[in-house]
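This report refers to the structure that appears directly beneath it.
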Amino acid sequence: AVTVAGVRQDYRALLACAWGPMVDALGPAYERFDRTGLRAPRLPGPPYHVMSRILAIDGEFGAMRTGTAVTAEYDVPADAWYFTENRGTMPFAVLMEVALQPCGWLAMYVGSVLGADGDLLFRNLDGAGVVRHEVRPGTRSVRTAVECRSISRHDRMVIETFAVSCTAVGGPADGARVFELETVFGFFPRPGGRGPGPGGRHRPAAAGRRPAPRRTVRPGQALPGPDRRGAGQGRNQPGARGPHPYVLDRR
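Numbering (the numbering used here), first residue to last: 50 to 300.
So, in structure tokens, the structure goes:
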């Protein structure tokens with residue numbers, strides 16, 4: 050794993066991007082988010098967290114420059130819950146997370162929110178891609194290369210486009226291109242969140258708001274997730290059992 054601002058970008062640092070102090074994720078530049086409680090966009094936590102390490106970076110930290118690129122890797126558990134729930138192949142919903150989470154990390158690395166004066170939400174807006182190969186048990190990891198292609202800023206909004214390529218590492222599909230994607234993300238002011246109010250005054254934090262607590266998770270540790278089945282996704286449907294989201298691919 051590479052080092053960014055004194056922080057080795059291994060599983061511990063990437064998990065801090067989800068649950069921990071931001072200074073443990075991306076170094077001193079993000080310390081004010083921990084100190085003030087200002088919202089920083091986060092990666093999903095386990096079991097929906099699909100980044101294990103950052104292998105390589107090309108571009109200056111915090112420079113907001115197009116062409117900045119990252120290579121991330123996700124270690125694929127041989128007994129992953131989604132293989133059991135989806136007939137032995139990684140569901141498209143999970144593959145999308147493998148491709149998109151490094152985009153979020155890269156957006157933070159280039160400094161998209163470092164100058165923010167209020168809470169910003171990070172949203173996936175558009176994309177087009179091609180799935181070229183399935184990910185099955187025996188694949189050691191999926192390696193995702195992401196390049197920031199464009200950055201547009203208007204007032205407090207930031208729109209960024211990314212080119213993404215995922216490759217299987219290890220196993221019978223070693224070296225196979227799995228997924229190619231071009232996608233668009235945006236940072237938007239949070240409705241009712243902190244930020245400049247009327248007359249330029251700064252809105253206070255919501256009453257009782259506190260920074261996210263620190264959590265400690267061992268690599269590979271399985272954690273239960275919330276039951277997120279929606280209407281029509283009851284227990285009589287295949288794969289709807291248990292605490293995981295409904296991510297079966299339709300056959």
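Idealized CB from N, CA, C, for every residue including glycine.
Minimum C-alpha distance to residue i - residue among the options
i	options	result
F110	T52, A89, R136	T52
R102	H182, P240, R205, A62	A62
L64	L87, A129, V99	V99
A217	T115, R189, C197	R189
D166	A212, V213, R205, A121	R205
E122	V227, V233, C215	C215
G153	A78, R239, R202, P93	P93
R239	V207, P96, P95, D73	V207
A212	F237, A156, F236, A78	A156
Endpoints, the alpha helix (DSSP H) within which residue i is located
i	result
G153	141 to 158
E134	130 to 134
R88	R88 -> no alpha helix (DSSP H), and no H or E assigned at all.
R61	60 to 65
Segment limits, beta strand (DSSP E) that includes residue i
i	result
F171	169 to 180
L230	226 to 238
T85	Unbroken run through T85 is the alpha helix (DSSP H), 80 to 85; no beta strand (DSSP E).
A212	206 to 218
A118	118 to 124
R202	190 to 203
Nearest-angstrom Cα separation, counted from residue j out to residue i
i	j	result
G76	A54	5 Å
L230	P126	24 Å
A112	A118	12 Å
A225	G219	10 Å
L170	R198	20 Å
P104	F234	For the record, residue 104 in the displayed sequence is Leu; it is not Pro. Taking the straight line from one Cα to the other gives about 23 Å.
I106	T85	29 Å
D124	D59	12 Å
A194	R114	17 Å
P186	V180	17 Å
E80	L163	10 Å
G178	A129	24 Å
A74	A50	13 Å
Buried versus exposed, by CB contacts within 10 Å (16 or more), residue i
i	result
P221	exposed
D223	exposed
L144	buried
N173	exposed
R88	buried
G160	buried
A67	buried
P140	buried
R136	exposed
Coarse secondary structure for residue i, derived from DSSP in three states
i	result
Y97	coil
D73	helix
L104	strand
A165	coil
R114	coil
R57	strand
T138	coil
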